[in-house]
Amino acid sequence: MSSTTNSTTDVGFETGPDNIHFDSPKVAIIGRPNVGKSTLFNIITDTRKAVVKNQPGVTRDIIMHPVNVWGKQFDLIDTGGVTEADDLFSKLIKEQVTDFLFSVDFIVVVMDGRSGLIPEDRDIIKLAKQTGRPMLLVINKVDSVHEDEIAKADFHEFGLDVIACSFEQRRGVGEVLEWIVNKVPEIPPIISERVPKVAMVGKPNVGKSSLCNNLLGMHRMLVS
713 MSSTTNSTTD
723 VGFETGPDNI
733 HFDSPKVAII
743 GRPNVGKSTL
753 FNIITDTRKA
763 VVKNQPGVTR
773 DIIMHPVNVW
783 GKQFDLIDTG
793 GVTEADDLFS
803 KLIKEQVTDF
813 LFSVDFIVVV
823 MDGRSGLIPE
833 DRDIIKLAKQ
843 TGRPMLLVIN
853 KVDSVHEDEI
863 AKADFHEFGL
873 DVIACSFEQR
883 RGVGEVLEWI
893 VNKVPEIPPI
903 ISERVPKVAM
913 VGKPNVGKSS
923 LCNNLLGMHR
933 MLVS
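In this note's numbering, the protein residues as written are 713 to 936.
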């Protein structure tokens, strides 16, 4: 797994090193705030790219990093926490994630095993199912292997593959990675060519993020 120095575009969308390719399969991690999405992202990418704090709403931007493991290459994507809160940023994040999910190939939905299934979880699963993409349901914060089946019982109704984990203990992460690798197709080796990078700079609130979103053809940067 790569731990190469990261490069960052303008506020709202962050990429990894130069070996991200637009034709690599895209795997998005989604879920409510503070369920462990960024922790899973950091473990699999072997980076500390996504900020992890014990408070909701830390990740607000879409972060992407390439992963090459067991002969498979894909881009792993961390997203902001989806919630029904009425504040501006929560609404913008939900809109951003909703739009972005239709551009990925696989979805990993992370949920909190301690809090159990709540209405917001149902909304997120419904949202993800609308894309028609293959999905994995990961239940984090299941501290003991003896609690796995109990934790998974609440979530079997959705008809999805379910894995119980404790990201803090690194337990179950291998199963998550195995699910992804088994789903991701093999792609021909790509001859790496350094792609020119374009920086968009300017004063606040002049339309940089809006222009980037238009050029990319998707809502990757928060615009308020």
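Just so you know, even glycine gets a beta-carbon here, dropped at the ideal spot from N, CA and C.
Backbone CA spacing between residue i and residue j [nearest angstrom]
| i | j | result |
| --- | --- | --- |
| Leu813 | His858 | 34 Å |
| Val821 | Asp866 | 15 Å |
| Asp873 | Leu849 | 6 Å |
| Pro745 | Gly792 | 7 Å |
| Ser802 | Val809 | 11 Å |
| Ser815 | Asp798 | 26 Å |
| Asp758 | Gly844 | 29 Å |
| Phe879 | Ile755 | 8 Å |
| Asp855 | Arg834 | 23 Å |
| Gln785 | Glu890 | 13 Å |
Exposure label - residue i; buried when at least 16 CB within 10 Å
| i | result |
| --- | --- |
| His777 | buried |
| Arg942 | Nothing about residue 942 can be read from this structure; the chain reaches only from 713 to 936. |
| Asp735 | exposed |
| Asp790 | buried |
| Gly783 | exposed |
| Lys838 | exposed |
| Asn917 | exposed |
| Ile775 | buried |
Terminal residues of the beta strand (DSSP E) in which residue i lies
| i | result |
| --- | --- |
| Ile851 | Met847 to Asn852 |
| Ile819 | Phe818 to Asp824 |
| Pro778 | Ile774 to Val781 |
First and last residue of the uninterrupted alpha helix (DSSP H) at residue i
| i | result |
| --- | --- |
| Gln785 | First-last for Gln785: Lys784 to Asp790, but that is the beta strand (DSSP E), not the alpha helix (DSSP H). |
| Ile892 | Val885 to Lys895 |
| Ala865 | Asp860 to Ala865 |
| Val809 | Leu800 to Leu813 |
Residue i vs residue j beta-carbon contact at 9 Å
| i | j | result |
| --- | --- | --- |
| Lys749 | Phe818 | no |
| Val888 | Leu752 | yes |
| Ile836 | Val794 | yes |
| Met885 | Asp824 | Before going on, a small fix: residue 885 reads as Val here, not Met. Not in contact: Val885 and Asp824 (Cβ atoms no closer than 9 Å). |
| Met847 | Lys841 | yes |
| Lys895 | Ala876 | no |
| Ile742 | Leu788 | no |
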